[in-house]
Every structure is written in structure tokens, then in C-alpha cells.
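In the UniProt record's numbering, the protein residues as written are 1 to 532.
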């Protein structure tokens, strides 16, 4: 990564504004559980076809260089609206809101109007139907994410709540979408079949299940950590590697080791925030008073001292699974402290945003809430080592809103050994300028056999095979996957932003894309053709 160092030294210090935007996508994906089934990645497999390995789910951190205030006022922090119970309607016989018709602009007219002008499917009744074989990707039962078009009256919304059997709703403020929890009187699939194309909605989508990839270590977890094991940061040819097949971290550290005021959001399985190599780099909410039972910063989350656990809806984003802790160690493990490993940006701060549960799975709605939490807090950099499910407008809108706020979204490209131009893995494959999609490379500068690739959909490569990092309980271990590659890029972005706090997300992304080492293994398989 001599090119990366040269860029930081010459361009970052001498002429920081000579970077133009290069729009790309990034997704961080761990080794694969396409359907939540653990799988072991074996880099000795020459064909790279050991089952369908899902995109890794991992947390992705965001860093708000020059934006995140050390003591923001509560009024500057936008938040999610609390979950609102839905009162039962006066009648249970409603088959379709009788007041819903559309004018020429596509908006509803008065309550007295008829439904004749609305091109809807046959009415949906409220009785339970026999279970049918699902044609959808896995989703959370009895939950929907939807958005009404502008101009829809609240009375009409209430009628749909009654019709669908909504028992509570929650509004996502940044996008205007809503999360509805349903009674089950109507199935999600039947609602989608009958009303997905109804012009009163911008969209109605299932609350898809997203996953991280679980990686079985290939070596015993040693408790005597050594920098020599971090080949992705400094490769001297150890363990059969190719010298300098790394990101040249020591050279970059001569200039910058990470700004302690730069916060990186890690959307994952949580973080072991008491780990000896992470405890000093965990973000603390300056607007919250610990354990007083009060939402001091007014963001809708009580006592969110160190982020939030969206999977279990509490203020303890600790990590049982281990995936998020491993990712966090690569991004910002405390460096030069005499213990453990070293992260790429070893002085930056990590904001734990746990939306994947203790098995490594999570819902689309919780991913969106985590993204919006980070955006509301002014976080400019997030790591996202997770993926799954089809294209959804709700997730696209949330990532786009973060981009509009100036945030960079680093994402794992996925572990399906697939061409993502043809078989996209989301969120990495969304065509958004603030996404950086990351493939995985080996210690010999080959494309990892499990890694997704794509000339237009995957931006660059980074070390992702046999990566040594932190795991819960003051321990360390080896994992492989694009989930491990993405944190290297997130850490590099943090160093760039630390050195150049006035840069935009577009400038940071452009620097990542235009620096690094060209590799034959990535030529024609990534946008840049380079490894970080």
C-alpha cells in the first residue's frame, strides 16, 4: 500500500482538495450463512465453490470527522419516533378503506369519495388463511416496512392500520417510512399480493432477515497476540505470504494513527466494549447521563451511553456472537499499548450499533434504525459487514439519507464467489455514491475464493482471508470473509478523514479508489482493479 502512503503524505498534506467524487458501492460480508447456516471457508479450495456462502454480516463504522461535536446539544440530534400502539378501530368489518380514492395527482381525496378510481386487487378479508409456500426471501413474521405517498389523510392511514391488523407503528424520521407490527390477522404475503401495487403507497416491503457470515477459525485462538500475525497490515512473507501484500499500515502510522474524536459506527452483532484492546476506543454519548433512566439527549433511546442494541431493544450492545468484536479490532483496536492487536485507525472511536442478534441474524427494520441512529448522531463513517435479502427501497432510502448527511457507508461485497454485477448482494450493490463495496484478497494477493466480485458493483479489494483480531473475553482469533476485508477499508477511511477533517465523503472515497496497489487478480473484477 505504498501508493496509499504516498497519497497521504503528498496529496493529503499538500493539496487536500484535489479529489473528485468517484461513485461506487461498498459492502462488507463475512463468511457465509446464506440461510443462517455456519460454513467454513477453506482458502485451499481451488475452485472456490463450497456451497452458497452468504454475504457476511458485520458492523460497519462511521466516523464523523470534523462533524461530530464533542458535546452536541440535544436539539441537534434527530431521532426515531417511539413505537406507537394502534388503537382498535371502531369496526372490525372494514375490508378496504372506503374513503380511499385517488385524484389525478395520485393523492387520496376526501373521506366521502369512493374507491372506484383506485386500481386495486380484490379486497382482502381479515380471516386467517391456510399457510402457503412462501416465494419471498426470509422475513420477520407480522412486520412490514411501508411508506405512504404525500397527502394521505391520517384517517385513511388509520383505516389501513385496522385492515392490516397493525398493533404498533414506528416512524423513521429521516425517510418517512414506517415500521408496522401486525396482529397476524392477515399474512404479510397476502397483504403484499393485494396492496403492493396500490398507488396510495410509495412502497410496502417485508421486514427481511439480514445476516452476518459466521467463520470457523482455522487455528487455535491464542491469548498471546502478536503484531506479526496481522499480515493484512504488514506482510513480510510470514506463513507463506507474499511480501508487501498488505495495506502498508506502519508507513501510514508514521503520519496518522486516527483522531480520537472521529467516531465509526459498527453495525453488527455488537462489540465486547470491555475487551482490553477495545475498551479505550469505545464511544461514549456526551449527551447522556448513565443509568438515570432518562433520555437526556432526547433521541428516543434511554441511557444509550455507548450506542444501542436494536436486536433486543436495550442499551447494552455487547457481543455474544463475536463477529462485531472481530470487525472492531481490525478497525480500531488500541495500538501501541503493549497488549493484543492493532487496528488500522488505532485511536479512533467505535460506536457499537447492534442489530444482528446473538445468532448473527437481524431484521431489515433494525438495520434501518441503526443507520438512522448513526446519521442522527452525526457519524460520518460506518462499517457494514452484513447483507442478504433482495433490493428494498426502505434500506436504499436509509443509506441514501446517510449519504445526503455526508456519511460514507463501507460494505462487504459478499461471500458467494459470485459476479455481483449479475447476482447483486445488498446493501453493497446499491448504486449509491456513498457506498464502498469491498472484495477480499489473500496473503498472496489473490482474490479470495469465496469473495464476490464485479467490474461495476465492487469497488476495490482488501485483506480478508485468515485475519487475526479481537474476540469476546479478552481473546483473539482468526476469521475469513469480506466481513474482514471491509474493516481494513473503514480503518483506512478513518485515517484519511483524521488527517483531512474538512474532506467530504466523496473525497475520502475517491482517495480510497485512486490509491492502493493494482493487482492482476482484481483487474476486470473491481471498479478500481486495486487492493487497498
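The C-beta atom is built at its ideal place from N, Cα and C for all residues, glycine as well. Keep in mind that this is a model prediction, so the values were computed, not measured.
### Task
Report yes or no: do the segment 235-249 and the segment 348-360 share at least 3 C-beta pairs separated by less than 8 Å?
no
### Query
For residue 106, which three-state DSSP category applies?
The count along the chain shown starts at 1 and reaches residue 106 at position 106. Confidence is the limiting factor: at residue 106 the pLDDT is only 32, short of 50, which leaves the residue's position unreliable, though a coordinate-based value still follows. Coil, per DSSP.
### Query
Can you list the alpha helix (DSSP H) stretches of 4 or more residues lying completely in the segment 234-313, in chain order?
249-253
### Task
Report the rounded CA-to-CA distance for residue 380 versus residue 178, giving the unit in angstroms.
Taking the first residue of the chain shown as position 1, residue 380 is located at position 380. Taking the first residue of the chain shown as position 1, residue 178 is located at position 178. If I take the Cα positions, the gap works out to 24 Å.
### Query
Helix, strand or coil: how does DSSP classify residue 390 here?
The residue labelled residue 390 in the question sits at position 390 within the chain shown. Three-state DSSP puts residue 390 in coil, outside helix and strand.
### Task
Count the other CB atoms, across all protein chains shown, that sit within 10 Å of the CB of residue 246; report buried if there are 16 or more and exposed otherwise.
Sequence index remark: in the chain shown, residue 246 carries index 246 (1-based). Counting Cβ neighbours within 10 Å, residue 246 comes out buried, since at least 16 surround it.
### Query
If we count the other Cβ atoms within 10 Å of its Cβ and call it buried at 16 or more, is residue 538 buried or exposed?
This structure leaves residue 538 out entirely; the chain is present only between 1 and 532.
### Cβ-based burial, residue 108 [other Cβ within 10 Å; buried from 16]
For the purposes of this step, residue 108 is taken as residue 108 along the chain shown, with counting starting at 1. Reliability of the predicted coordinates at residue 108 is poor, the pLDDT of 32 falling under 50, and the value obtained from them is presented with this limitation in mind. Looking at its Cβ environment, which holds 16 or more other Cβ atoms inside 10 Å, residue 108 is buried.
### Query
Which residues in the same chain as residue 457 place their Cβ atom closer than 7 Å to its Cβ, once the five residues preceding and following it in sequence are excluded?
The residue labelled residue 457 in the question sits at position 457 within the chain shown. So the qualifying residues of the chain are 25, 420, 421, 424, 429, 437.
### Query
Below 8 Å, can you find three or more Cβ-Cβ pairs linking the segment 462-471 to the segment 250-268?
no
### Task
Leaving out five residues on either side along the sequence, give the residues of the same chain with a beta carbon under 6 Å from the beta carbon of residue 196.
Against the chain shown, residue 196 aligns to sequence position 196. Excluding sequence neighbours, residue 196 sits near 204.
### Query
What first and last residue would you give for the alpha helix (DSSP H) that runs through residue 497?
As a working mapping, residue 497 is identified with position 497 in the chain shown. Residue 497 -> alpha helix (DSSP H) spans 482-499.
### Task
Apply the 10 Å Cβ neighbour rule to residue 338 and answer buried if 16 or more other Cβ atoms are within range, or exposed otherwise.
As a working note, residue 338 is residue 338 in the chain shown. It is exposed - the Cβ of residue 338 has fewer than 16 other Cβ atoms within 10 Å.
#### Entry: Residue span of the beta strand (DSSP E) that contains residue 329, given as start and end
Numbered from its first residue, the chain shown carries residue 329 at position 329. Element bounds for residue 329: not the beta strand (DSSP E) but the alpha helix (DSSP H), 323-332.
### Task
Grab the span of the alpha helix (DSSP H) containing residue 188 for me, first residue to last.
As a working note, residue 188 is residue 188 in the chain shown. Per DSSP, residue 188 belongs to the alpha helix (DSSP H) from 188-195.
### Where residue 461 sits in the DSSP three-state scheme
Within the chain shown, the letter at position 461 stands for residue 461. Three-state result, residue 461: strand.
### Query
Can the beta-carbon of residue 486 be found less than 8 Å from the beta-carbon of residue 410?
By one-based count along the chain shown, residue 486 stands at place 486. By one-based count along the chain shown, residue 410 stands at place 410. Against a cut-off of 8 Å, the Cβ pair of residue 410 and residue 486 comes out as a contact.
#### Entry: Boundaries of the beta strand (DSSP E) in which residue 144 is found, first to last residue
Position 144 of the chain shown, counted from the first residue, corresponds to residue 144. It spans 139-148 - the beta strand (DSSP E) in which residue 144 sits, taken as one unbroken run.
#### Entry: Opening and closing residue of the alpha helix (DSSP H) in which residue 417 lies
Here residue 417 is taken as the residue at index 417 of the chain shown, counted from 1. Where residue 417 is concerned, there is no enclosing alpha helix (DSSP H), given that its DSSP letter is neither H nor E.
### Message
Suppose contacts are defined by Cβ-Cβ distances below 8 Å. Is residue 272 in contact with residue 319 by that definition?
### Response
Against the chain shown, residue 272 aligns to sequence position 272. Against the chain shown, residue 319 aligns to sequence position 319. Contact flag set, yes.
### Query
Given residue 533, which residues of its chain have a CB within under 7 Å of its CB, disregarding the five upstream and five downstream residues?
Given that the chain is displayed from residue 1 to residue 532, the structure contains no residue 533 and the question cannot be resolved.
### Query
Can you name, in chain order, every residue of its own chain whose Cβ lies under 7 Å from the Cβ of residue 249, other than the five neighbours on each side?
Position 249 of the chain shown, counted from the first residue, corresponds to residue 249. Contacts found: 233, 234, 344.
### Query
Between residue 321 and the rest of its own chain, which residues show a CB-CB distance below 6 Å, the 5 nearest in sequence each way excluded?
Position 321 of the chain shown, counted from the first residue, corresponds to residue 321. Excluding sequence neighbours, residue 321 sits near 269, 358, 360.
#### Entry: Reference residue 393, options 281, 433, 364, 155, closest by Cα
The residue labelled residue 393 in the question sits at position 393 within the chain shown. Of 281, 433, 364, 155, the residue nearest in Cα terms is 364.
### Task
Measuring alpha carbon to alpha carbon, tell me which of 517, 474, 440 ends up nearest residue 480.
On the chain shown, residue 480 is found 480 positions in, with the first residue counted as 1. Checking every option, the nearest Cα to that of residue 480 belongs to 440.
### Message
Would residue 289 and residue 299 qualify as a contact pair, given that the criterion is a beta-carbon distance under 8 Å?
### Response
Here the question's residue 289 lines up with position 289 in the chain shown. Here the question's residue 299 lines up with position 299 in the chain shown. Cβ distance not < 8 Å, so residue 289 and residue 299 don't count as in contact.
### Query
Taking the continuous beta strand (DSSP E) assigned at residue 211, which residues delimit it?
Taking the first residue of the chain shown as 1, we reach residue 211 at position 211. Counting along the chain, the beta strand (DSSP E) containing residue 211 begins and ends at 201-211.
### Task
Take residue 187 as the anchor and find which of 142, 375, 333 has the nearest alpha-carbon.
Numbered from 1 along the chain shown, position 187 holds the residue referred to as residue 187. Residue 142 is the option with its Cα nearest to residue 187.
### Task
Could you tell me whether the Cβ atoms of residue 385 and residue 341 are closer together than 8 Å?
Counted from its first residue, the chain shown places residue 385 at position 385. Counted from its first residue, the chain shown places residue 341 at position 341. Not closer than 8 Å, so no.
### Task
Compare the C-alpha of residue 388 against each of 292, 414, 494 and name the closest.
Taking the chain shown and counting its residues from 1, one reaches residue 388 at position 388. Per the Cα distances, 414.
### Task
Evaluate residue 291 with the Cβ neighbour count: other Cβ atoms within 10 Å of its Cβ, from every protein chain shown; 16 or more gives buried, anything less gives exposed.
Here residue 291 is taken as the residue at index 291 of the chain shown, counted from 1. Exposed, by the Cβ-count rule.
### Task
May I ask which residues mark the beginning and end of the beta strand (DSSP E) holding residue 436?
Along the chain shown, read from residue 1 onward, the residue named residue 436 stands at position 436. That run of the beta strand (DSSP E) goes 435-441.
### Query
Taking the alpha helix (DSSP H) that residue 375 falls in, what are its first and last residues?
Within the chain shown, residue 375 is the residue found at index 375, counting from 1. Its alpha helix (DSSP H) spans residues 364-376.
#### Entry: In DSSP terms, what residue 408 is bridged to
On the chain shown, residue 408 is found 408 positions in, with the first residue counted as 1. Partner(s): 381.
### Beta-carbon contacts of residue 293 that lie in its chain and below 8 Å, excluding the five residues immediately before and after
On the chain shown, position 293 is the one that residue 293 refers to. Contacts found: 302, 303.
### Query
Ends of the beta strand (DSSP E) at residue 166?
Position 166 of the chain shown, counting from 1, holds the residue named residue 166. From DSSP, the beta strand (DSSP E) with residue 166 extends over 166-171.
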